[in-house]
Amino acid sequence: MSITQETLQKHLKDPAILCCRRDKGTVISAADLEDPGLFDDMQEAGLLTLSPDGLRIEQVIGRTLLQDTEALTSITKDVLDSVNKTEDDNASAPAESKAEISEVAVSAAPVFSSSAARTGGDGMIHIEIGKAEKFEGLKLDVPVISGGAAPAAQAVQTSQALEEKHGEKKVIRRLLKKHIKITDVKLGSKTSIKDGVITIDKSIVNKAVKEDELCKSLELEVIYPDKRHIYTETIMDVCPIATKVEGEIGEGITKVADGVVFMLTGVDEDGVQVHEFGSSEGYLDEKMYFGHPGCADKDDIIIRCHAVIKRLSGMTRPGPFAAHKCQDYIIQAVRDQLKEYNGEVVREEVCEDVRRSGNPRVVLVKEIMGQGAMHDNVLCPTEPCGILGGQKNVDCGNVPIMLTPNQVRDGSIHALTCIGPATKEMTRHYIREPLVEGLAADTELDLIGVVFVGSPQVNDEKLWVSERLGSMLESLDLDGIIITTEGFGNNHIDFIQHIGQAGKRGIPVVGVSFCAYQGQLVVGNEYAKAMVEENMDAGGFENDIAGCSCVTVEVAARAIQMLKNVMSGVEIKPAEKKWSNDVINTNNKLLGLPETKLVESGTLH
Amino acid sequence: MKLTTKQGMQSEIFVPVTPKPVFTELKKPLNKCKVAFITAGGIHKKDQTPFNTSGDFSYRTIPFDTPSDQLMVTHGGFDNSDINKDVNAMFPIDRLHELVKEGFIGSLPAETYTFMGGGGNVEKFLNETGPEIAKKLKAQDVDIVLCTGGCGTCHRSATIVTRCCEEAGMSCCVIAALPPIARQQGAPRITAPHVPIGSNAGEPHNIPQQTAIIKESLEWVRDCPSFNATKILPYEYRHNV
Chain V
1 MSITQETLQK HLKDPAILCC RRDKGTVISA ADLEDPGLFD DMQEAGLLTL
51 SPDGLRIEQV IGRTLLQDTE ALTSITKDVL DSVNKTEDDN ASAPAESKAE
101 ISEVAVSAAP VFSSSAARTG GDGMIHIEIG KAEKFEGLKL DVPVISGGAA
151 PAAQAVQTSQ ALEEKHGEKK VIRRLLKKHI KITDVKLGSK TSIKDGVITI
201 DKSIVNKAVK EDELCKSLEL EVIYPDKRHI YTETIMDVCP IATKVEGEIG
251 EGITKVADGV VFMLTGVDED GVQVHEFGSS EGYLDEKMYF GHPGCADKDD
301 IIIRCHAVIK RLSGMTRPGP FAAHKCQDYI IQAVRDQLKE YNGEVVREEV
351 CEDVRRSGNP RVVLVKEIMG QGAMHDNVLC PTEPCGILGG QKNVDCGNVP
401 IMLTPNQVRD GSIHALTCIG PATKEMTRHY IREPLVEGLA ADTELDLIGV
451 VFVGSPQVND EKLWVSERLG SMLESLDLDG IIITTEGFGN NHIDFIQHIG
501 QAGKRGIPVV GVSFCAYQGQ LVVGNEYAKA MVEENMDAGG FENDIAGCSC
551 VTVEVAARAI QMLKNVMSGV EIKPAEKKWS NDVINTNNKL LGLPETKLVE
601 SGTLH
Chain L
1001 MKLTTKQGMQ SEIFVPVTPK PVFTELKKPL NKCKVAFITA GGIHKKDQTP
1051 FNTSGDFSYR TIPFDTPSDQ LMVTHGGFDN SDINKDVNAM FPIDRLHELV
1101 KEGFIGSLPA ETYTFMGGGG NVEKFLNETG PEIAKKLKAQ DVDIVLCTGG
1151 CGTCHRSATI VTRCCEEAGM SCCVIAALPP IARQQGAPRI TAPHVPIGSN
1201 AGEPHNIPQQ TAIIKESLEW VRDCPSFNAT KILPYEYRHN V
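In order, the protein sequences belong to chains V and L. Start counting the first sequence at 1; every next residue gets the next number (my numbering). Start counting the second sequence at 1001; every next residue gets the next number (my numbering).
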């Protein structure tokens, strides 16, 4: 396989290897050389051994072979008429910095061109870089260049901005979350909350089931923390009970029931699990990662709402939605009681949307499932974590939608995605998303917002949606981006595209995903260089423990630190070729985080 | 304000490069070729053991004279409703028989092999399932292998098995709903109709479209100039989920 001129230019410093046998007298060109990008695989396959005497591509281009030479062997000086003289790797410092200076000058011009009118006169822009890596005290006069140029000078711009401003905090809006103590849940004859005890009218299931004709029956059951060794059908969601008592979502006051969550489970009329692809039926104590953001906590009482939906509707869009909708009818009855209930407040949580001007501008991009069937999310419902009033992201065309950190923390996302339960984010995940909380609290950063972008089913649409995201990111004038995805496989196409959209605009980017063994990336690009792994399964599989491998506090801490490193030009070492939990734990150790302990799920697909 | 940095962090996820080229040039006219069709889309006979939808590297043997109404899908990685309507949307067995009658292709082998590639175990597909399927097809003197896959990891498994077939000396093409995956995983040839995952071989019951997708994929097996080249097919179908 010969290479193109473009590839050749990229690999001038790489070893020169003939792609095919070439005769004496051949003048070496790109058409005669093998692609250095393949060398690793070829060496691994035993096809290629690089000779220490081998020349680099820049040394052989245009030279003539003095003898017939075999494919896949290093070109050495004894087979050539002569060797091109090039700047040695240890070239003198001035030559190197000269090249870099010209790069800065060209790319910096458009960035500063707005000031040309003020400083102008001679058609030159005067750039002075006070302090930046390698360019201390550098002064440049650059002609004004009109027309577009790559925004590659952002690093320079940022480091200046950082020194000028101090990240002054300005609060845009406040949200108060009052966590109300709940000590018991009973099924009775009237829905109420009294003295910390939620009572749910047993007969409410008969009304709730009428909310959607695809839902055939509903059943409620209270599961206490010490009685979790109980069989459960597949877990479709874990949903907190939260309600607005003042203001819209993202501001005002929200009450959250503490110590209790709803858990939706479901099968169809034939007993087929709604999530037959990687479902989580089994003993509840073994099928949920208690304490993870999307899951029930260790001491939570779980109200199990079990739905039976119409035959064969499990793998279609309306079926699973019906179960969520009917459960929400029941939760709403409890929310209505919670609004009026003035019981013990365990914790008051103040959430703020803030601007920290002068700090690096960052966004969090969360790619969510949008392929249809049960891969959907309801965005921005009227009640926290609710259904009513919200829009489904599939219906919105999966386009990127910006939310404020407070809106996310106030339950703007109701997740319908818990298939392949280990790597999906359930409704409870979003109301306490560790990356949202970590970035919002970080006084060194300015979290502009949280972008939700769906992952469509059709490849063309994936690319289309990613283009829209790219334009949005560009318009936000960002210094850094963290992109997460849930699940693995087809959604990694969009995930990698999104990273590319940031990367090609010169915006530092960190990717966060479950990949490990089973979810190895199926696509890649050169911008995906700072990546954080979510896996917590010993075999690296997507196991059937709900909420096992997703964004945790530790994952969030590593991602935020990696982003800061990338934004500051501090190296992130390249990943090893195969997934290794040791790499993750080395990072944990560097950051003083607890060790990532893997779960022996025994999953071996 | 200066950002706090930490020296020594390492990226935790490997980002792949496309594997080494495999390419078997087709040396016969299409109407003399024996054409097999494999799929990672979870198709099997109704009387066979269904696939384990959370991950399964086993395969099913499908005699090519199986009536299409005796086939079904067991795959949880995508919306199955199109295949439930018409199995030819993923595994176009009826169209292949028509192409033999029409004389567009020479013949079909006695049997073919199907698997469920969702969440597929890479090593198992690479070292066991792939080589076995390739060996069995080669033993039936198959010249061309077409392949479809459903979800994202399905396309990976589909491509791995297709590469095994190509290495065994057959000329192969992945009909991809997710061409970037097929390309990145190193499919020898790729055709890409504009279809959702689950209907790679065309809209259910749309016989002209299904026929055209297979014919043009076969022509691409004949005409594709080099490893890993993709041909976008001008057929569009949107599945309203």
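Glycine included, each C-beta is placed from N, C-alpha and C at the ideal position.
Along the chain, where does the beta strand (DSSP E) containing residue i start, and where does it finish?
i	result
Tyr1235(L)	Ala1229 to Glu1236
Asn1194(L)	The sequence shown places His at residue 1194(L), not Asn. Looking at the DSSP string, the run of the beta strand (DSSP E) that includes His1194(L) is Arg1189 to His1194.
Leu187(V)	Asp184 to Gly188
Asp446(V)	Asp446 to Ser455
His1044(L)	Ile1043 to Lys1045
Using C-beta distances below 6 Å, list every residue in its chain close to residue i, excluding the 5 sequence neighbours before and after it, in chain order.
i	result
Glu100(V)	Because Glu100(V) sits at a pLDDT of 38, beneath the cut-off of 50, its placement in the model cannot be relied upon, and the point is left open.
His306(V)	Glu219 and Thr265
Glu233(V)	Thr265, Val267 and Glu281
Phe1051(L)	Gly1042, Thr1074 and Met1116
Ser146(V)	Low confidence applies to Ser146(V): its pLDDT is 43, below 50, so where it sits in the model is not reliable, and the reading given next is rough at best. Correct list: empty, nothing qualifies.
Cys380(V)	Gly390 and Ser412
Glu349(V)	Lys177
Asn1080(L)	Val1073
Pro1179(L)	Ile1190, Ala1192 and Thr1230
Leu12(V)	Ile57 and Glu58
Leu403(V)	Ser412 and Val450
Glu251(V)	Arg173 and Leu175
Ser279(V)	Thr234 and Gln273
Which residue wins for smallest C-alpha separation from residue i, given the options the options?
i	options	result
Pro1029(L)	Arg1189(L), Asp1065(L), Ala1177(L) and Arg1222(L)	Arg1222(L)
Arg304(V)	Cys351(V), Asp395(V), Asn543(V) and Asp328(V)	Asp328(V)
Cys1164(L)	Arg1095(L), Lys1136(L) and Leu1108(L)	Lys1136(L)
Gly524(V)	Asn1206(L), Gly1150(L), Asp1086(L) and Pro1016(L)	Pro1016(L)
Pro1019(L)	Asn1228(L), His1239(L) and Arg1238(L)	Asn1228(L)
Gln67(V)	Asp78(V), Ile61(V) and Ile57(V)	Asp78(V)
Val1174(L)	Glu1111(L), Leu1218(L) and Ser1011(L)	Leu1218(L)
Lys227(V)	Gly167(V), Val238(V), Asp299(V) and His179(V)	Asp299(V)
Leu469(V)	Leu598(V), Phe488(V) and Asp494(V)	Asp494(V)
Gln337(V)	Gly540(V), Ile200(V) and Arg174(V)	Ile200(V)
Val346(V)	Ser29(V), Ala257(V), Met374(V) and Asp14(V)	Ala257(V)
Ser455(V)	Asn377(V), Glu600(V) and Leu521(V)	Asn377(V)
Arg1238(L)	Pro1196(L), Leu1146(L) and Asn1200(L)	Pro1196(L)
Asn543(V)	Asp1143(L), Gln1010(L) and Ser1054(L)	Ser1054(L)
Ser313(V)	Tyr289(V), Asp270(V) and Ile331(V)	Asp270(V)
Val1035(L)	Thr1049(L), Ala1176(L), Cys1172(L) and Glu1102(L)	Cys1172(L)
Leu65(V)	Ile560(V), Leu80(V), Ala415(V) and Gly54(V)	Leu80(V)
Phe1037(L)	Gly1152(L), Glu1123(L) and Ser1107(L)	Ser1107(L)
Give every residue of the same chain whose Cβ lies closer than 7 Å to the Cβ of residue i, excluding the five residues on either side of it in the sequence, and list them in chain order.
i	result
Glu554(V)	Asn588, Leu593, Pro594 and Thr596
Tyr1059(L)	Tyr1113, Thr1114, Phe1115, Thr1129 and Ile1133
Glu1012(L)	none
Asp14(V)	Pro36, Arg56 and Ile57
If you reduce the DSSP assignment to three classes, tell me which class residue i lands in.
i	result
Arg505(V)	coil
Ser357(V)	strand
Phe1057(L)	coil
Gln332(V)	helix
Tyr289(V)	coil
Gln606(V)	Because chain V in this structure spans residues 1 to 605, residue 606(V) falls outside the shown range and cannot be described.
Phe262(V)	strand
Gln1209(L)	helix
Glu595(V)	coil
Glu367(V)	strand
Leu1003(L)	coil
Grab the span of the alpha helix (DSSP H) containing residue i for me, first residue to last.
i	result
Pro1180(L)	Pro1179 to Gln1184
Asn587(V)	Asn581 to Leu590
Asn525(V)	First-last for Asn525(V): undefined, no H or E at that position.
His179(V)	First-last for His179(V): Glu168 to Lys181, but that is the beta strand (DSSP E), not the alpha helix (DSSP H).
Ile1152(L)	Correcting the residue identity first, residue 1152(L) is Gly in this sequence and not Ile. Counting along the chain, the alpha helix (DSSP H) containing Gly1152(L) begins and ends at Gly1152 to Glu1167.
With a threshold of 8 Å on Cβ separation, who are the neighbours of residue i within its own chain once the five nearest residues in sequence on each side are excluded?
i	result
Ser217(V)	Val205, Val209, Ala307 and Val308
Val599(V)	Tyr289, Met536, Asp537, Ala538, Asn543, Ile545 and Cys548
Segment contact flag, the stretch 382-396 of chain V with the stretch 434-451 of chain V, C-beta cutoff 8 Å, min 3 pairs: The count of Cβ pairs closer than 8 Å, one atom from the stretch 382-396 of chain V and one from the stretch 434-451 of chain V, stays below three, leaving the stretches out of contact.
Contact between the stretch 318-336 of chain V and the stretch 529-544 of chain V (3+ Cβ pairs under 8 Å): No: the two stretches stay apart, fewer than three of their Cβ pairs being nearer than 8 Å.
The stretch 1127-1136 of chain L contacting the stretch 1206-1214 of chain L, beta-carbon criterion three pairs below 8 Å: No, the stretch 1127-1136 of chain L does not touch the stretch 1206-1214 of chain L.
Cβ contact check for the stretch 494-509 of chain V and the stretch 455-475 of chain V: 3 or more pairs under 8 Å: A contact exists between the stretch 494-509 of chain V and the stretch 455-475 of chain V.
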